[in-house]
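Asks: With my numbering applied, the sequence shown closes on residue 1652, and no number is skipped along the way.
Even glycine gets a Cβ: it sits at the ideal position worked out from N, Cα and C.
This one's a predicted model, so the numbers in the text were calculated from it and none came from an experiment.
Supplied in C-alpha cells, the structure appears directly below.
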Amino acid sequence: MPVPIIIDCDPGHDDAIAILLAAGDPAVDLLAITTVAGNQVVEKTTLNARRICTAAAITDVPIAAGCARPLVGPRYVADDVHGESGMDGPRFGEPTVRAVPEHAVDLMRRILTGHPEPVTLIPTAPMTNIALLLTRYPEVAGHIREIVLMGGSTERGNRTPVAEFNVYADPEAADIVFRSGLPVTMCGLNVTHQALATPDVLARFEALGSELGGICAELMTYFASTYRRIWGFDAPPLHDPVAVARVIDPAIVRCAEASVAVELRGQYTRGATVVDLHRYLDRPVNAQVALSLDQEQFWDRIVTAVDTLGKRAVRTDRPWHAGP
Ligand code: BDR
Ligand code: CA
C-alpha cells in the first residue's frame, strides 16, 4: 500500500521536483500540498504550487495556503536563489489548478483526522505551518506517522555559516518540530548536497521528450545558474526531493539516530541545528539524521515519476504546444 503523505512546501525549484516525485511515484499517496512563506512570500509559493500542478496535470490533490510569516522574528525570502517569482526559469501560463479556500493548517488537520491510517508529513520549507498545526491541534499527533523534513545540516549552513535556510527562516517552528516527541527524520544539507542535478540529469529530463521534462530541465538550468553565481557549485543540489525519496524507499537515504537541537539564541548561530552524532551531550535521541544518498536510485525514481506524469499531462498552460 502506498504511504499517505502531505507535502508542506515553498516552491521553489527543488520543491517543484519534490511535488512531481510525490505525485508520480506509486510508493506514496499524495493527499495534499500545503504552502508557506519561505523561498518567496506565500502568495507566490502558492501560485507556484498551482503552476507546477497545472503543468503536470495534478488535478486531484488539494492545495492550501498557510502562514505568511514565521512564528517569531523577521520574514526572509530566498529570491537570490529562486528569483523574483520564487520559481524563475520556465514561462508558465495562468494555472488552471486552484487552491482550496481553507488554511493549510486546517486542511492538514481535516485530512489527518479523517484518514484511516497515520499520515507522513514532509515539510520542505520553513516549518511554520507544521509547528502551528502541532500546537493548535495537539490531538493530531496520534494521526501523524512521522515527519520527514528537509532542513538543517550536520555540517555548515547556507544562510549563515552554520544555519540552513528552512531552519533559519523560522527557528522556533523547527524547534517545536524537533521537540514534538514524534518520529522525525532530518534530511539536511550534508545529504542534499549529494543530490546534484548534473548536466547528465538535465539531459535525462530533456530526453523524456515531454513538455514536463522540458520544464524540469528549465527549472534546473535556472537553479544551476544561481548556485554557480552564489556558491560556485558546478551543479545545483536538489534538496527537497531527498525527503520524499526517504519516504518512497528508506534505503535510498541512509540515516543514523542522534539528538538534534535548534539554536535559538546564539549571537552568531541562531537557526543552526546542533546534531550530536557522537553523543558528546547527554541528550536523548530525537531524530533520524540522513547521512548518505543512493544517487542512482534517487535520480531513477525522479526521472521515472516525471516521465509518468509527463505522458499523462494534458497541455493547459502552453497554447503553442502542438502535442497530443
Ligand atoms: C532549502 O531552502 C530552500 O531554498 C530550498 O527549497 C530548500 O527547501 C535548502 O536550504
Ligand atoms: Ca523548499
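1. In the DSSP assignment, find the beta strand (DSSP E) that holds residue 1353 and state where it starts and stops.
2. Three Cβ pairs or more, each shorter than 8 Å: is that satisfied between the segment 1582-1595 and the segment 1445-1462?
3. Buried or exposed, going by whether 16 or more other CB atoms sit within 10 Å of the CB of residue 1527?
4. From the DSSP output, which residues share a beta bridge with residue 1513?
5. Over the uninterrupted alpha helix (DSSP H) stretch that includes residue 1375, give me the two end residues.
6. Can residue 1407 be considered in contact with ligand 1, in the sense that its beta carbon sits closer than 6 Å to one or more heavy atoms?
7. Give the straight-line distance between the Cα atoms of residue 1646 and residue 1612, rounded to the nearest whole angstrom.
8. Using a Cβ-based criterion (distance less than 6 Å to any ligand heavy atom), does residue 1518 qualify as near ligand 1?
9. Heavy atom of ligand 2 less than 6 Å from the Cβ of residue 1453, yes or no?
10. Which two residues bound the contiguous beta strand (DSSP E) that contains residue 1449?
11. Taking the alpha carbon of residue 1432 as the reference point, which residue from 1383, 1532, 1476 and 1337 has its own alpha carbon closest?
12. Leaving out five residues before and five after residue 1333 in sequence, what residues of the same chain have Cβ atoms less than 8 Å from its Cβ?
13. Among residues of its own chain, excluding the 5 on either side of residue 1588, which ones have a beta-carbon nearer than 8 Å to its beta-carbon?
14. In whole angstroms, what is the alpha-carbon distance linking residue 1546 and residue 1499?
15. Alpha carbon to alpha carbon, what distance is there between residue 1591 and residue 1644?
16. Can you determine whether any heavy atom of ligand 2 sits closer than 6 Å to the C-beta of residue 1568, and answer yes or no?
17. Quick one: give me the first and last residue of the beta strand (DSSP E) that residue 1311 is part of.
18. Check residue 1427 in the structure and name its three-state DSSP category.
19. Measuring CB to CB, does residue 1494 end up less than 7 Å from residue 1525?
20. For ligand 2, is there a heavy atom less than 6 Å away from the beta-carbon of residue 1417?
Replies: On the basis of the coordinates in this document:
1. Unbroken run through residue 1353: none, as it is neither H nor E.
2. no
3. exposed
4. 1476 and 1616
5. 1370-1383
6. no
7. Its pLDDT being 43, under 50, residue 1646 is placed unreliably in this model, and the value from its coordinates should be taken loosely. Cα-Cα distance, rounded: 52 Å.
8. no
9. yes
10. 1447-1451
11. 1337
12. 1350, 1356, 1357, 1358, 1359, 1447, 1448, 1449, 1450, 1572 and 1575
13. 1480, 1506, 1512, 1514, 1601, 1602, 1603, 1604, 1614, 1615 and 1617
14. 32 Å
15. Residue confidence is low: residue 1644 scores 48 on pLDDT, short of 50, so the model does not pin down where it sits. No coordinate-derived value is stated.
16. yes
17. The structure shown does not extend to residue 1311, since the chain spans only 1329 to 1652, so no value can be given for it.
18. coil
19. no
20. no
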